[in-house]
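Peer 1: If you read the sequence shown in this note's numbering, its first letter stands for residue 4, the second for the next number, and so on. Below is the structure I would like to discuss, written out as structure tokens.
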Amino acid sequence: MASVYARFKGPQGWEYQKVGKGRPPKGAKFHIRFTDAHGKRCWSQPFDTPHQAQENADGVALATQAAAQGLTVAEYQDQTNAGRTPIKVAVERFL
């Protein structure tokens, strides 16, 4: 699972602090710390809000799981949705 961190200028240089619930720090850029498919911990590009960073973190987790299995994101989603009937198709059959 990817975590969201705030990066800000501290007394000894740039610092990262994990963002929890509540008001985010002002003037900080937000980054995601995630593990790639090779097991290496990486930092993402900066985001302006923690909400943007969290949305991207969900996509990073999905892409990492797909890459670990040697699949693209679309192939991984097709594999995980195998055997399920999409709502659109179920409604068309019903009507």
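C-beta: ideal position from N, C-alpha, C; glycine also. None of these values were measured; they are calculated from a predicted model.
1) Which residue's Cα is closest to the Cα of Pro49: Glu95, Ala77, Val92 and Phe11?
2) When you compare each of Gly42, Pro14, Gln15 and Ala56 to Pro27 by their alpha carbons, which one comes out closest?
3) Decide if Pro53 is buried, meaning its Cβ has at least 16 other Cβ atoms within 10 Å, or exposed.
4) The alpha helix (DSSP H) spanning Lys29 covers which residue range?
5) Below 8 angstroms on the Cβ atoms is my guess for Cys45 versus Asp51; work out the distance and round it to an integer in Å.
6) Compare the Cα-Cα distances from Val22 to each of Tyr79, Val7, Gln68 and His41 and report the closest residue.
Peer 2: Reading off the structure:
1) Phe11
2) Ala56
3) buried
4) Per DSSP, Lys29 belongs to no alpha helix (DSSP H) and is neither H nor E.
5) With 8 angstroms as the limit, Cys45 and Asp51 do not qualify as a contact, their Cβ atoms being about 20 angstroms apart.
6) Val7
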